[in-house]
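Please read the structure below before turning to the comments.
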Amino acid sequence: MRIALDATYSVSSQPTGVAVYSREILWGLPRRHPSARYYFCYRPHRLLRSLEAFLPRGAARRPLFETWAPAANIFHGLNQRVPRLAGRHRVVTTFHDLFVMTSDYSTLEFRTRFTAQAREAANRSDLILTVSSFTASQVTGLLGVERSRVRVIHHGVSHPGRKRLSELPARQPWILSVGAIQKRKNTGRLIRAFEGLPAGWRLVLAGAPTGFGSAEILEQIAASPRRREIDVLGYVSPQRLEALYGQAAIFAFPSLDEGFGIPAIEAMAWGLPVVTSNRSALPEVTGEAAFHIDPEDVEELRFTLRTLMEQPTLRETMVRRGLKHAEEFTWDRAVDQTWTAYHELLDR
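Going by numbering that gives the first Met the number 0, the first residue of the sequence shown is number 0, and it counts up by one from there.
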């Protein structure tokens, strides 16, 4: 079997969730299913940079154009974008989220372009993979895709392992939040909630200050009465992020919209109690292992954080729940379910 995958989004110096997903699927498939032949396809603007990465055994690098991809049994678009391919491929597309279509998190120009691209990808796909049931409902509701063409495959996360967890230093009085500083991530309300919390704790923000609304949030941070207790780290490397997960005491992820929300499960895997939103995919993904708050209610967010700050026994209970819950999310499982979806499509 020959499988061509759009590897464009795996090439990034500051990988986001889509880049992490792309890399895990691209390198996971040849590792777990070496019988197939894989073509890692890169659009022209990323082809040269892709040469920096060594490909796994069984994979070959190919260019990808809007009307051409290497001949294969399956073409898999890893980020809700598919070229116009003539009949030599069965097409699979992964949809991560459609919040650009439903909320004010981008410019009108970007929203128009994104919507057209998403509709085209849905129409050209024989099978659609979504990273949550919430995103599946968006694909069917907003794009008119019949549910029979959709399969839900949750993301995985990297797990540190019990031995490494047991060797972590003492937790610091830090509230950690991971994600780009922007309107959708709800960073502004998190800062307002933190401003009303007792002294002695720090708010640590790990994420690039980019995206819609970031300038206003940076101004808010600069003017905050707790500015000296707010650490704005910008984008951090995977190694630095692991160190933060291992040091913080509480994880806050009050995002307004998520197709999945990898940081929430990552935090659980690293032994952090999680406070997150009661909307989009986050209740589905985090289950009973997190506290769910109305992300637009600053007082509720502040109260929940204060409760965890003041009750170490409650934090320990949520840590145990989170560790057990996070075990359900592995990249090997996501890779194997993707492989199963390929065979389901070819066996029809």
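We put the CB at the ideal spot given by N, CA and C, even for glycine. All of these numbers come straight from a predicted model, not from anything done at the bench.
Local conformation of residue i per DSSP, three classes
| i | result |
| --- | --- |
| ILE152 | coil |
| PRO172 | coil |
| LEU128 | strand |
| TYR234 | coil |
| GLY140 | helix |
| TYR104 | coil |
| ILE229 | strand |
| VAL10 | coil |
| GLY76 | strand |
| TRP26 | helix |
| THR93 | strand |
| ALA121 | helix |
| PHE39 | strand |
| ARG60 | strand |
| LEU47 | helix |
| ARG112 | helix |
| ARG87 | coil |
| LEU164 | helix |
| LEU4 | strand |
Spatial distance of residue i from residue j (CA atoms)
| i | j | result |
| --- | --- | --- |
| PHE290 | ALA266 | 13 angstroms |
| ILE242 | THR339 | Residue identity differs from the one stated: residue 242 is Ala in this sequence, not Ile. Computed Cα separation, rounded: 35 angstroms. |
| ILE292 | THR306 | 13 angstroms |
| GLU43 | PHE94 | Just to set this straight, residue 43 is Pro in the shown sequence, not Glu. Looking at the two C-alpha atoms, the distance is approximately 22 angstroms. |
| ALA205 | PRO237 | 11 angstroms |
| LEU164 | PRO253 | 25 angstroms |
| VAL203 | LEU175 | 5 angstroms |
| VAL149 | GLU119 | 16 angstroms |
| PRO62 | LEU46 | 7 angstroms |
| GLY27 | PRO197 | 45 angstroms |
| PHE250 | TRP173 | 9 angstroms |
| CYS40 | ARG191 | 44 angstroms |
| ASP296 | GLN13 | 31 angstroms |
| THR285 | ALA121 | 27 angstroms |
| ALA247 | LEU232 | 14 angstroms |
| MET308 | GLY270 | 15 angstroms |
| GLU326 | GLU145 | 31 angstroms |
| GLU356 | GLY187 | Coverage of the chain is limited to positions 0 through 347, which leaves residue 356 absent and any answer about it impossible. |
| ALA207 | LEU217 | 11 angstroms |
| ALA3 | ALA70 | 8 angstroms |
| GLN219 | ALA6 | 37 angstroms |
| LEU304 | ARG332 | 33 angstroms |
| ILE264 | MET0 | 33 angstroms |
| ASP335 | ARG239 | 29 angstroms |
| ARG110 | VAL99 | 6 angstroms |
| TRP200 | ILE229 | 9 angstroms |
| ARG226 | LEU281 | 29 angstroms |
| GLY16 | GLY245 | 20 angstroms |
Residue i burial status per 10 Å Cβ neighbour count (16 or more: buried)
| i | result |
| --- | --- |
| GLU257 | buried |
| PRO224 | exposed |
| ASN185 | buried |
| HIS342 | exposed |
| PRO168 | exposed |
| ASN78 | buried |
| GLN310 | exposed |
| GLY178 | buried |
| THR275 | buried |
| PRO82 | buried |
| GLY160 | exposed |
| GLY140 | exposed |
| ARG301 | buried |
| PRO33 | exposed |
Cut-off 8 angstroms between Cβ atoms - residues of its own chain near residue i, not counting five sequence neighbours on either side
| i | result |
| --- | --- |
| THR312 | none |
| ASN277 | HIS291, ILE292, ASP293 and PRO294 |
| LEU344 | ILE73, ARG89, VAL91, ASP125 and LEU126 |
| GLU65 | PRO82 and ARG83 |
Chain-order list of residues whose beta-carbon lies under 7 angstroms from that of residue i (same chain, five-residue window excluded)
| i | result |
| --- | --- |
| VAL151 | THR129, SER131, SER132 and ALA135 |
| LEU9 | Note that residue 9 is Ser in the sequence shown, not Leu. Excluding residues within five positions, the ones whose Cβ falls inside 7 angstroms are ALA18, SER21, ARG22 and LEU25. |
| PRO262 | VAL177, GLY178 and PHE252 |
Own chain partners of residue i with C-beta closer than 6 angstroms, once the 5 adjacent residues on each side are dropped
| i | result |
| --- | --- |
| PRO29 | TYR37, PRO55, GLY57 and ALA58 |
| PHE193 | LEU202 |
| GLN116 | ARG80 |
| SER11 | ALA18 |
| SER213 | ILE180 and GLN181 |
| HIS158 | ALA268 |
| ARG320 | ALA288 |
| TYR234 | GLN13 and ALA207 |
Contact test: residue i Cβ vs the ligand ATP heavy atom, cutoff 8 angstroms
| i | result |
| --- | --- |
| LEU164 | Ligands in the displayed structure: none, and consequently the ligand ATP is not present. |
Starting from the N-terminal side, write out each stretch of the alpha helix (DSSP H) that is 4 residues or longer and does not extend beyond the segment 290–340. Complete alpha helix (DSSP H) runs here, min 4: 297–309 and 311–325.
Please give the ranges of any beta strand (DSSP E) in the segment 249–289, keeping only runs that are unbroken, at least 3 residues long and fully inside the region. Counting only runs of 3 or more, we get 249–252 and 273–276.
Going along the chain, which unbroken runs of the alpha helix (DSSP H) with 4 or more residues stay wholly within the segment 174–224? If we require 4 residues or more, the alpha helix (DSSP H) runs fully inside the segment 174–224 come out as 186–194 and 213–222.
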